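Asks:
Protein chains: 4
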Amino acid sequence: MTEPLYELAHLGHAELLTPVYDESLAFFTEVYGLDLVHESGGSAYLRAWGDHDLTTLKLTAADRAGLGHVAWRAVSPQALERRVAALEERGTDGEWIDGDFGHGKAYSFIAPSGQRMELYYETEKYRAPVGKASYLPNQPQSSVSRGVGAARIDHINVLADDVPGTRAFMCDTLGFKLREHLIPPGRPEAGAWLSLMNKAHDLAITREPAPGVTGRLHHLAYAVENREDVLRAADIFCELGVEIEFGPAKHSRTQGFFLYVLEPGGNRIEVFSGGFHIFAPDWEPVTWTTEGQGRSTAWGLDVPASFHSHATPVLP
Amino acid sequence: MTEPLYELAHLGHAELLTPVYDESLAFFTEVYGLDLVHESGGSAYLRAWGDHDLTTLKLTAADRAGLGHVAWRAVSPQALERRVAALEERGTDGEWIDGDFGHGKAYSFIAPSGQRMELYYETEKYRAPVGKASYLPNQPQSSVSRGVGAARIDHINVLADDVPGTRAFMCDTLGFKLREHLIPPGRPEAGAWLSLMNKAHDLAITREPAPGVTGRLHHLAYAVENREDVLRAADIFCELGVEIEFGPAKHSRTQGFFLYVLEPGGNRIEVFSGGFHIFAPDWEPVTWTTEGQGRSTAWGLDVPASFHSHATPVLP
Amino acid sequence: MTEPLYELAHLGHAELLTPVYDESLAFFTEVYGLDLVHESGGSAYLRAWGDHDLTTLKLTAADRAGLGHVAWRAVSPQALERRVAALEERGTDGEWIDGDFGHGKAYSFIAPSGQRMELYYETEKYRAPVGKASYLPNQPQSSVSRGVGAARIDHINVLADDVPGTRAFMCDTLGFKLREHLIPPGRPEAGAWLSLMNKAHDLAITREPAPGVTGRLHHLAYAVENREDVLRAADIFCELGVEIEFGPAKHSRTQGFFLYVLEPGGNRIEVFSGGFHIFAPDWEPVTWTTEGQGRSTAWGLDVPASFHSHATPVLP
Amino acid sequence: MTEPLYELAHLGHAELLTPVYDESLAFFTEVYGLDLVHESGGSAYLRAWGDHDLTTLKLTAADRAGLGHVAWRAVSPQALERRVAALEERGTDGEWIDGDFGHGKAYSFIAPSGQRMELYYETEKYRAPVGKASYLPNQPQSSVSRGVGAARIDHINVLADDVPGTRAFMCDTLGFKLREHLIPPGRPEAGAWLSLMNKAHDLAITREPAPGVTGRLHHLAYAVENREDVLRAADIFCELGVEIEFGPAKHSRTQGFFLYVLEPGGNRIEVFSGGFHIFAPDWEPVTWTTEGQGRSTAWGLDVPASFHSHATPVLP
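Chains as they are written, first to last, in the numbering used here: chain P, 1098 to 1413; chain W, 1098 to 1413; chain R, 1098 to 1413; chain Z, 1098 to 1413.
1. If you follow the beta strand (DSSP E) that Tyr1142(R) is in, where does it begin and where does it stop?
2. Check whether the Cβ of Leu1105(W) lies closer than 8 Å to any Cβ atom in chain Z.
3. Is Trp1193(Z) buried or exposed, if buried means 16 or more other CB atoms sit within 10 Å of its CB?
4. Against chain W, with Cβ distances strictly below 8 Å, would Leu1233(P) count as a contact?
5. Grouping DSSP H, G and I as helix and E and B as strand, with all else coil, what is Ser1121(P)?
6. Does the beta-carbon of Leu1328(P) have 16 or more other beta-carbons within 10 angstroms, so that it is buried, or is it exposed?
7. Roughly how many whole angstroms lie between the Cα atoms of Ala1106(Z) and Lys1274(Z)?
8. Note down, in chain order, every chain Z residue with its Cβ under 7 Å from the Cβ of Asp1332(P).
9. At the level of alpha carbons, what is the spacing between His1298(R) and Ser1140(R)?
10. When DSSP builds the beta bridges, which residues end up paired with Lys1347(P)?
11. Is Ser1205(R) helix, strand or coil when you go by DSSP?
12. The beta strand (DSSP E) with Thr1384(P) in it runs from where to where?
13. Which residues in chain Z have a C-beta closer than 7 Å to the C-beta of Cys1335(P)? List them in chain order.
14. So does the stretch 1171-1187 of chain R actually touch the stretch 1317-1336 of chain R, counting three or more Cβ pairs closer than 8 Å?
15. Under 8 Å, CB to CB, which of the residues in the stretch 1168-1188 of chain Z have a partner in chain R?
16. Between Asp1148(W) and Phe1198(W), what straight-line distance do the alpha-carbon atoms span, to the nearest angstrom?
17. Of the choices Arg1284(P), Thr1189(P), Thr1220(P), Tyr1218(P), whose alpha-carbon is the least far from that of Pro1209(P)?
18. In the DSSP assignment, what residue or residues form a beta bridge with Trp1169(W)?
19. Ends of the alpha helix (DSSP H) at Leu1291(P)?
20. Leaving out five residues on either side along the sequence, give the residues of the same chain with a beta carbon under 6 Å from the beta carbon of Gln1212(R).
21. Can you tell me which of the three DSSP states Glu1178(W) falls into?
22. Residues of the stretch 1280-1311 of chain R with a CB closer than 8 Å to any CB of chain W: list them in chain order, please.
23. Is the CB-CB distance between Leu1300(R) and Trp1385(R) below 8 Å?
24. Give the secondary structure of Phe1404(R) by DSSP, where H, G and I count as helix, E and B as strand, and everything else as coil.
25. What's the gap between the Cα of Tyr1152(Z) and the Cα of Gly1130(Z)?
26. Within this structure, are the beta carbons of Thr1220(P) and Asp1132(P) separated by less than 8 Å?
27. First and last residue of the beta strand (DSSP E) that includes Val1134(P)?
28. Using a cut-off of 7 Å between C-beta atoms, extract the partners of Glu1325(P) located in chain Z.
29. Nearest to His1135(P) by CA position, among Leu1154(P), Val1128(P), Leu1293(P), Glu1120(P), is which residue?
30. Give the straight-line distance between the Cα atoms of Arg1358(P) and Leu1113(P), rounded to the nearest whole angstrom.
31. Can you name the residues of chain W whose CB is closer than 7 Å to the CB of Pro1101(P)?
32. Checking 8 Å against the spacing of the C-beta atoms, do Glu1127(R) and Gly1244(R) come in under that value?
33. From Leu1177(W) to Ile1250(W), what does the alpha carbon distance come to, in whole angstroms?
34. For a test of the three-state rule: what should DSSP assign to Ala1230(P), helix, strand or coil?
35. Relative to the alpha-carbon of Pro1116(W), which residue among Gly1196(W), Glu1215(W), Ser1239(W), Ala1162(W) has its alpha-carbon at the smallest distance?
36. On the CB-based measure, 16 or more other CB atoms within 10 Å of its CB, does Ala1171(Z) come out buried or exposed?
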């Protein structure tokens, strides 16, 4: 049998584009509860209190919303080289870049679904200054209860015109494992949920509803510590005037407890908790044949139409 | 740099010995909430509702309590062969055995700390019969609310006369990663917490208080889904007449939310939830220099003396 | 100022009618988690583990679903007499009945909204037999984790053609306090939430959608201990094949965390937790002028159409 | 039978004395999460976000810690007059005072246990200014997540040399209901838990350990919304350098989930959630005959010695 690859460690960071930089920055700091670590060149670098890396979100002023890039951290410099070799062997047209605030050199390429992705290894860890250090030395800093208090970066959901092609690319070249997918009878694969190690998903790939469109973002998710924190977040969003698009409720796939809002720039942001864990190295992907199997959400809550249609960049 | 090894996937199962087989079996099924899958040769094979493997606990009648063995599942047949080669290269005196109910051939050896361990790859997955299947196809069966409803096997804590020697062995030959350890000034290393992938610990190694004694078990832990479930378990233990030794409270190391009882045979059993996750492939082990740093538990609850002295087998 | 009346203590019990007695009884015992205490004359008498009274639900075989009656317990025999006098002074046409399994003589009358109601004082308390007694002597029995494990009777929601008239009757004659009501501009009062002491509601009166129809039940609710228990209940309903109509989510009025299903007979049953408490004796009723003020549910979840149309008995 | 009295509505407010006013004020605002409403005459007036009254805590600079007074709100002006008459009939030596910031005239007297108490009716309700109003009009203001975010005043525990005499006074003159008491065999009554309406306790009276001492405070408690919030509070206290004296754990009496710390002035403060509710108007007081019955806490956690010895004022 082919051995599973454990060469990428985790979702490292994402860059979100926003046409309303100041409003988006206020949302991520005051409402979502991230800390601003650095600001330069039209970009803000942010982190959640439970992130061990210096920064996990780059927010960049742009003429429209969307995903600037998403970056995956390799488990070692050698693994990084091997994954780049695998990409190039497959004919991927990428290039090395010098890195950015918070991380070293990275290999940048375009996924088959059109999103820019980066692989990197060298990273800067967060060192809490006096006054921010946690009483627990195994925690990067004191928890933050500002706004919803997002705790750590968790996963990303991109859209793809060709779901099976994109997931095969991610699995074959980068070692993602297919955990679950949705194949409605007689229709193309509608979604695939992939992960690197023990999570139910680090990357979700769902079907782009607009023909011929590529590279769009469905949502970016940070985790909170438990389901009560997601319920609390719902109240906080309401208190702060942020409209809830969907949730809190439980997904059937991944079993994650979710809550979705749009940040002022239009990108969809999730507050997430839970999700089952996967320990079996030979996990058999779960094939959901219809939305109705297990309902479209676990408890039967209908998915709002916007959840199937809205993505960033918004189409003209 | 040396690359991290991802060759073992998870704690596969443990065998507990008990001098009061019937009482222990009643505890694990009626109180802890496991399902009995099979019984033969003086052993019961049990599983938690969230375990994807057919069985994760073997309970064996014996003249005294303790750990029969603990088994780790490799990520592939090739990884299994490589880890056995590494063990043998280090001079470990092990042997292949035919397997057991629920899994195939295994390599059996004695860890430096004296416990029997097994490595294996071939396993039998649980297939829920009609009436036990979950409405969620990504869950091995319907959840069980009998007793405390333990959800899945989580970690094990063994005692070792030589903590650093044992952890070095586990890390070097098997790819465990050191996450945290406790080194009181001027005293030997008192504990080490190791994991394989994203958990804060799959294996804890703490110091054997009795000189010259080897091979003892401190505790075996199954996880429940959240902290409320641990609080619920405390009530259920009290309702069912099981004395709580320690907890519910929060550990400073691993940040796990815990509750400990002794099963009728005397083995310490934990109900566990949470624990932080580790995604960094270059995690820097956290060195706790005193018990007092961060308290012996996170919120300052004193550790009962029995927690430092009781282990199985009980010393004469 | 008029003094507030504290003459009724709590919702004592309700009688539900069902055309499918066996299926309804199986639902309430196996799914909802009530205990069957007694069965006679085509009726089952049930209780939740946290109810201090012997029985809080009477389930009666009938040709259609609906509310047999709902009973309120007075704080004293004297208060009972005073409330009956107040009813009679208002011209209410009631009568004394001998009582029933679990309670003594009661005054039975028809509310302006058409539901039969009873007032009583003498009740039989539950005395747990050996094996069911809780380890906590202030709890009527050990908690039950069968099915969703409903913990205690909480509130009832009846429909009324004339909401303000019905609530005025309940307040003036029986001492209910108006806590919140919904008066959409230019439309009749759509709902009123009333309570007796510290709860946000013991009784909800919402508008009957069918003209000229009286006496219908919207839902009966038992409480569970926390919001995690409501989330757990959602999974259990799904595992047991019971379709969820609405929730889990948070109501804006009462702030209760809710989950609704229909029992096999068609009566709507809620699993409820939380709700704010009211301590002020001069609470100023909150007037909600539109559904949209605070959304129809707290976090914006739409109310399903069935929630506004379905009630029991079902109209021909 | 004697009818139960419902003439007092709730614990209105408490005045705490502190020898370190600035530090105590910082604790209550920044750590405990109360809002400062007013400051005058050496006193600060504070409120929790869920309090419907303008202020529930008066913090007063003094030469030593302790309870300035505790105030109970009557259900009506008439009930206030009746309770004062009952006090005077019993020979209580009290006097009318003009009121204070937040409430009108009050009757001030010394309880048999030595604490100053007040009865009052006229109160000022909190009206949230723009920017503090909640999105839920039935909530006095937006929730506060600063520090532990105490939600509303809940109960007080005073010490008494003569527990049964004190509770009889409170029950007979003011209508408190005895819910539970602890009478160790052969020893004086060690504690009594009393409430006014549906709570398990508004007032606890426990035995003064020092002979001849009167008027001391054991603790004042504010509630949070659920047990997860108590667990969160434990982390927050640790992060902010506040030592936890006791908990989080579950009391056997009241079943409250608790966490105790000392504020800088030395007064013991609780973060509380839960507790069972009492609806029966003829509740039979639960007599605990030994601490060991149901353990001294529900799950067996030992009570620290300081919890039995420390009170304010601290004895010389």
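Here a beta-carbon is modelled for each residue, glycine too, at the ideal position from N, C-alpha and C.
Please read all numbers here as calculations on a predicted model, not as lab measurements.
Replies: Let me spell this out:
1. Here residue 1142(R) refers to the residue found at position 45 of the third sequence. Looking at the DSSP string, the run of the beta strand (DSSP E) that includes Tyr1142(R) is 1140-1144.
2. In the second sequence, residue 1105(W) corresponds to position 8, counting from 1. So, not an interface residue.
3. Here residue 1193(Z) refers to the residue found at position 96 when the fourth sequence is read from its first residue. Trp1193(Z) is exposed by the Cβ-count criterion.
4. In the first sequence, the residue the question calls residue 1233(P) occupies position 136. Chain W, which has a Cβ nearer than 8 Å to the Cβ of Leu1233(P), makes this yes.
5. On the first sequence, position 24 is the one that residue 1121(P) refers to. Ser1121(P): helix per DSSP, three-state reduction.
6. For the purposes of this step, residue 1328(P) is taken as residue 231 along the first sequence, with counting starting at 1. Classification of Leu1328(P): buried, given that the 10 Å Cβ count is 16 or more.
7. The residue given as residue 1106(Z) occupies position 9 in the fourth sequence. The residue given as residue 1274(Z) occupies position 177 in the fourth sequence. Each residue's alpha carbon lies about 12 Å from the other.
8. Indexing the first sequence from 1 puts residue 1332(P) at position 235. Near Asp1332(P) (Cβ distances below 7 Å), the residues of chain Z are Ser1240.
9. For the purposes of this step, residue 1298(R) is identified with residue 201 of the third sequence, where counting begins at 1. For the purposes of this step, residue 1140(R) is identified with residue 43 of the third sequence, where counting begins at 1. The straight-line gap from Cα to Cα measures roughly 28 Å.
10. In the first sequence, the residue the question calls residue 1347(P) occupies position 250. According to DSSP, Lys1347(P) bridges with Phe1354(P).
11. Sequence index remark: in the third sequence, residue 1205(R) carries index 108 (1-based). It is a strand residue.
12. For the purposes of this step, residue 1384(P) is identified with residue 287 of the first sequence, where counting begins at 1. That run of the beta strand (DSSP E) goes 1383-1385.
13. Taking the first residue of the first sequence as 1, we reach residue 1335(P) at position 238. Contacts between Cys1335(P) and chain Z, judged by CB atoms closer than 7 Å, involve Tyr1232 in chain order.
14. The answer is no - the stretch 1317-1336 of chain R does not touch the stretch 1171-1187 of chain R, with fewer than three Cβ pairs under 8 Å.
15. Identification of residues in the stretch 1168-1188 of chain Z having a C-beta nearer than 8 Å to some C-beta of chain R yields Arg1170, Ala1171, Val1172, Ser1173, Pro1174, Gln1175, Ala1176, given in sequence order.
16. Counting from one through the second sequence, the residue named residue 1148(W) turns up at place 51. Counting from one through the second sequence, the residue named residue 1198(W) turns up at place 101. If you draw a straight line from the Cα of Asp1148(W) to the Cα of Phe1198(W), it comes to about 15 Å.
17. Within the first sequence, the letter at position 112 stands for residue 1209(P). When each option's Cα is compared against that of Pro1209(P), the closest is Thr1189(P).
18. Reading the second sequence from its first residue, position 72 is the one you call residue 1169(W). Answer by DSSP bridge pairing, in chain order: Leu1108(W), Leu1216(W).
19. Here residue 1291(P) refers to the residue found at position 194 when the first sequence is read from its first residue. Annotation for Leu1291(P): no alpha helix (DSSP H) segment contains it, though the beta strand (DSSP E) segment containing it runs 1288-1292.
20. If you number the third sequence from 1, residue 1212(R) lands on position 115. Taken in chain order, the residues that qualify are Leu1164, Val1255, Gly1312.
21. Translated into the one-based positions of the second sequence, residue 1178(W) becomes position 81. Glu1178(W): helix per DSSP, three-state reduction.
22. Within the stretch 1280-1311 of chain R, no residue has a Cβ that lies closer than 8 Å to any Cβ of chain W.
23. Here residue 1300(R) corresponds to residue number 203 of the third sequence, with the count starting at 1. Here residue 1385(R) corresponds to residue number 288 of the third sequence, with the count starting at 1. Against a cut-off of 8 Å, the Cβ pair of Trp1385(R) and Leu1300(R) comes out as no contact.
24. As a first step, residue 1404(R) is located in the third sequence; it is residue number 307 there, counting from the start. Here Phe1404(R) sits in helix by DSSP.
25. If you number the fourth sequence from 1, residue 1152(Z) lands on position 55. If you number the fourth sequence from 1, residue 1130(Z) lands on position 33. Note that residue 1152(Z) is Thr in the sequence shown, not Tyr. Going by the C-alpha atoms only, they are around 14 Å apart.
26. On the first sequence, position 123 is the one that residue 1220(P) refers to. On the first sequence, position 35 is the one that residue 1132(P) refers to. Not a contact, by the Cβ cut-off of 8 Å.
27. By one-based count along the first sequence, residue 1134(P) stands at place 37. Per DSSP, Val1134(P) belongs to the beta strand (DSSP E) from 1132-1137.
28. Taking the first residue of the first sequence as position 1, residue 1325(P) is located at position 228. Here the neighbours are Asn1323, Glu1325.
29. Within the first sequence, the letter at position 38 stands for residue 1135(P). Checked all of Leu1154(P), Val1128(P), Leu1293(P), Glu1120(P); the closest Cα to His1135(P) is Leu1154(P).
30. What you label residue 1358(P) is simply residue 261 of the first sequence in a count that begins at 1. What you label residue 1113(P) is simply residue 16 of the first sequence in a count that begins at 1. It should be noted that the sequence gives Val, not Arg, for residue 1358(P). Cα-Cα distance, rounded: 15 Å.
31. To locate residue 1101(P), count along the first sequence from 1; it is residue 4. Simply Val1172, Ser1173.
32. Locating residue 1127(R) in the third sequence gives position 30, where the first residue counts as 1. Locating residue 1244(R) in the third sequence gives position 147, where the first residue counts as 1. Contact flag set, yes.
33. One-based indexing of the second sequence puts residue 1177(W) at position 80. One-based indexing of the second sequence puts residue 1250(W) at position 153. Going by the C-alpha atoms only, they are around 21 Å apart.
34. The sequence position of residue 1230(P) within the first sequence is 133, counting from 1. If DSSP states are grouped into helix, strand and coil, Ala1230(P) belongs with coil.
35. Position 19 of the second sequence, counted from the start, is the residue given in the question as residue 1116(W). Here the closest residue by C-alpha is Ala1162(W).
36. Indexing the fourth sequence from 1 puts residue 1171(Z) at position 74. Answer is buried; the Cβ neighbour count reaches 16.
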